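In our numbering, each number is its position in the sequence shown, counted from 1, plus 8. Beta carbons are placed, not taken as given, at the ideal position from N, Cα and C, and that holds for glycine. No experiment lies behind these values; they were computed from the predicted model shown. Some notes on the structure that comes next.
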Amino acid sequence: MKVFLTGASGLLGRAIYQRFTKETDWTVCGIAHNRVGSGLTKLNLLDKSSVTDFLNATQPDVIVHCAAERYPDRVERDPQAAYDLNVDATAHLAHEANRLNVPLLYISTDYVFDGKSSPYKETDKPTPINEYGRLKLLGEKEVLEANPRNIVFRIPVIYGPVETLEESAVTVLFKGLKKCQQEKETFQVSNYELRNPSSVNDIAQIVFKLVEKKLFSSPDLNGIFHWCGNEVLTKYDMVVKMANTFGLSLERVVPVVGQPGAQRPYNTCLDVSRISQLGIGTHTDFADGIKSALANWISV
Ligand SMILES: NC(=O)c1ccc[n+]([C@@H]2O[C@H](COP(=O)([O-])OP(=O)(O)OC[C@H]3O[C@@H](n4cnc5c(N)ncnc54)[C@H](OP(=O)(O)O)[C@@H]3O)[C@@H](O)[C@H]2O)c1
9 MKVFLTGASG LLGRAIYQRF TKETDWTVCG IAHNRVGSGL TKLNLLDKSS
59 VTDFLNATQP DVIVHCAAER YPDRVERDPQ AAYDLNVDAT AHLAHEANRL
109 NVPLLYISTD YVFDGKSSPY KETDKPTPIN EYGRLKLLGE KEVLEANPRN
159 IVFRIPVIYG PVETLEESAV TVLFKGLKKC QQEKETFQVS NYELRNPSSV
209 NDIAQIVFKL VEKKLFSSPD LNGIFHWCGN EVLTKYDMVV KMANTFGLSL
259 ERVVPVVGQP GAQRPYNTCL DVSRISQLGI GTHTDFADGI KSALANWISV
């Protein structure tokens, strides 16, 4: 079987790439835009005819679409560029999936909700409060309107092995924590918004299982699915767990309310019962997951 994976050089895409390549009966056609590492193919999703040519040449059995502009502040700064990737390129992929008669699994976000009435079920009406959430929701609509048999998988803030600490909204906190150990300045961190972080390996495992089920046993598996970790944490809580895990001081860490930049929803906890009922949910304890994700960054 063959999966066409977009965003294979990204934080989540790398984990999904690794999960599929563990299986001898799967071939992964992973694409990247700028970070074309080993095994990946360079392909710009904005170049629609190249995307069509690549799909004709590779003939995948399923498309997993991870690539996106996912930094809310960057989306606010250049909404047109984010629209082109998050909505327009997604619509083209959904159209191509139909043409090839293969399912598409689209990675979406808890930011499609306003954070005022969690936990959110798949049937709850999305009401995004920032442009990133609005564009991801438009991407969802393209995917499901093209074919209601496609899958939309909404996930929370993720963390995992990073190429830079800034690559994840979770691991970037470690940068601030380490800095305030060495320099006599405070590290202000939000103790307001509630999140349920997930390890990229957990999400990759669920994606793999969803695809397997869709292709081999349950072709009627369609529509929206939610998953998030089962620990409710503010950013400050995450920093406390990191400090405890790595024996760092919290002396100059200051919990605050609010943060600069694009507006963020308050509590985006997702109801995960649909995935749980399939028996494919998985949660890595945050302290264990962050210890392994940051293993290479302790002495840097
Ligand atoms: N990160 C989170 O906390 C989070 C939370 C909820 C949902 N999500 C969703 O999860 C998915 C993956 O997020 P992520 O954090 O892994 O993103 P990421 O690390 O920022 O990776 C983005 C990926 O998109 C690729 N890309 C960007 N522009 C492209 C283009 N024009 N053509 C082809 N590929 C292009 C990038 O390729 P290059 O790097 O090679 O240029 C990279 O592989 C996204 O759909 C996001 O909305 C993420």
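Query                                                                                          : Result
Identity of the residues DSSP links to Y114 by a beta bridge                                   : H73, V160
For F121, the three-state DSSP class (helix, strand or coil)                                   : coil
CA nearest to the CA of H234, picked from D293, R162, D228                                     : R162
S284 to F195 span [Cα, whole Å]                                                                : 37 Å
Per-residue burial, E148 [other beta carbons within 10 Å of its own, 16 or more giving buried] : buried
Residue ranges of each beta strand (DSSP E) within the region 169–253, 3 or longer             : 195–198, 231–234
T14 in three-state terms, based on DSSP                                                        : strand
Assigned exposure category for V219 - 16 Cβ within 10 Å defines buried                         : buried
Span of the alpha helix (DSSP H) around T29                                                    : 19–29
Proximity test, A40 beta-carbon vs ligand 1 heavy atom, cut-off 7 Å                            : yes
N64 burial status per 10 Å Cβ neighbour count (16 or more: buried)                             : exposed
Supposed contact pair P136 and F278 - C-beta distance, whole angstroms, cut 8 Å                : One point to set straight first is that residue 278 is Leu, not Phe, in the sequence displayed. The Cβ separation is near 14 Å, so there is no contact.
Buried or exposed (CB count within 10 angstroms, at least 16 for buried), P205                 : buried
A270 in three-state terms, based on DSSP                                                       : coil
Any non-hydrogen atom of ligand 1 within 7 Å of A89 CB                                         : no
Separation of L53 from S17, as counted between CA atoms                                        : 13 Å
Closer than 7 Å: V83 CB and nearest ligand 1 heavy atom                                        : no
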